[in-house]
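See below for the structure under consideration.
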């Protein structure tokens, strides 16, 4: 991708394309438009959050040849907003346009077995695991991996496609329940906490990163992210950043990449998985940093300079799921009390423009910034109480 940076010219349309019309695409579109770019979204949903705010919305399937050809015709460069976009769609686009991230990197992120192998090749520690593609591999699983978590090798996210198993009998039943699709069995390890690192890497190999994010998941879905100096021991944070950079370099990655980690009870660190895109745990960057993860996504894909982002305020992000719109046992959605939330200092509400609230559906997020971590936490707990969210 040795070329001059793509900058919007006066009285000329420079369009950036994105595969996927969800909230990540919507925030990418906002960042690109702020920098003067036109945008094109390919997503089959006529009401997709990104499609509704983009200059162009191509309403086709991700593998539709005509839709991909139209996206390539309109766009000077293309990115993706979710990891399950077919890698072959990226390959087709890459024949005529710069695509970041590359299909090869996305394909690894789509397959847990290949992902684990990449971690090992990069020298980044991960949980002990076994690949299960056949009955013979199932029978050969070492007892030391139990209890464990059986995960489908493909198309799992937000805790979907995962089954906890304690015994070989439960493992056999779980694989049968998952229709004997290719899986990875990971040994369950004693966890102390979870964290993630977001890096942005350019085609020239230049790379920057955001601070380490401390995360809390509930039922497999991110609930809270806390970012401030000292949120994790300094040595552990440095290790996480170094590991994330190693993973990105090993992929020859271009774009924004999130690497998720488990912090074990003994204080050690193991990598969990990667997301080849901006990440839920990085949404705080919109209000807590001088550059957001979406700003860097734009810069990386068009070859603009990647500047090390600065955290200017201790920040907490609360994920807002559709459950907030429903009282216990109710079937009718009711708007949450945003006025009471926004009366709290340092609150920044981001709703994604989704027309229907559904339980477990990501509807938005709330960022809280303050002068100190203690102040941010106090306001975040107040906001959680107003919304009926569990304290943390």
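Numbering (the UniProt record's numbering), first residue to last: 1 to 392. From the three backbone atoms N, C-alpha and C, an ideal C-beta is built for every residue, glycine too.
Check: Classify residue 110 as buried or exposed, calling it buried when 16 or more other Cβ atoms lie within 10 Å of its own Cβ.; Outcome: buried
Check: Going by DSSP, which residues form a beta bridge with residue 318?; Outcome: 224 and 366
Check: Using three-state DSSP, classify residue 263 as helix, strand or coil.; Outcome: strand
Check: Compare the Cα-Cα distances from residue 298 to each of 379, 185, 277 and 147 and report the closest residue.; Outcome: 277
Check: Pop quiz: residue 256 and residue 293 are said to be a contact at Cβ under 8 Å. What is the actual Cβ separation, rounded to whole angstroms?; Outcome: 5 Å
Check: Contact between the stretch 190-197 and the stretch 162-178 is defined here as three or more beta-carbon pairs at a separation below 8 Å; is this criterion met?; Outcome: no
Check: Just the Cα atoms here: how many angstroms apart are residue 288 and residue 217?; Outcome: 21 Å
Check: Locate the beta strand (DSSP E) running through residue 200, then write down its first and last residues.; Outcome: 191-201
Check: Between the stretch 382-390 and the stretch 236-245, can you find at least three pairs of beta-carbon atoms closer than 8 Å?; Outcome: no
Check: Exposed or buried, residue 369, counting other C-beta atoms within 10 Å across all chains shown (16 or more means buried)?; Outcome: buried
Check: Looking at the structure shown, is residue 335 part of a helix, part of a strand, or coil, going by DSSP?; Outcome: coil
Check: Decide if the stretch 96-115 is in contact with the stretch 266-274; the criterion is three or more beta carbon pairs, one per stretch, under 8 Å apart.; Outcome: yes
Check: With DSSP as the reference, label residue 285 as helix, strand or coil.; Outcome: helix
Check: Roughly how far, in whole angstroms, is the beta-carbon of residue 300 from the beta-carbon of residue 202, given that I think they are within contact range, below 8 Å?; Outcome: 5 Å
Check: Can you list, in chain order, the residues of its chain with a C-beta nearer than 8 Å to that of residue 268? Leave out the 5 residues immediately preceding and following it.; Outcome: 125
Check: Alpha carbon to alpha carbon, what distance is there between residue 7 and residue 32?; Outcome: 11 Å
Check: Using CA atoms only, rank isn't needed, just tell me which of 197, 200, 198 and 148 is closest to residue 175.; Outcome: 148
Check: Decide yes or no for the touch test of the stretch 129-149 against the stretch 90-97: beta carbon pairs closer than 8 Å, at least 3 of them.; Outcome: no
Check: Leaving out five residues before and five after residue 24 in sequence, what residues of the same chain have Cβ atoms less than 7 Å from its Cβ?; Outcome: 81, 82, 277 and 278
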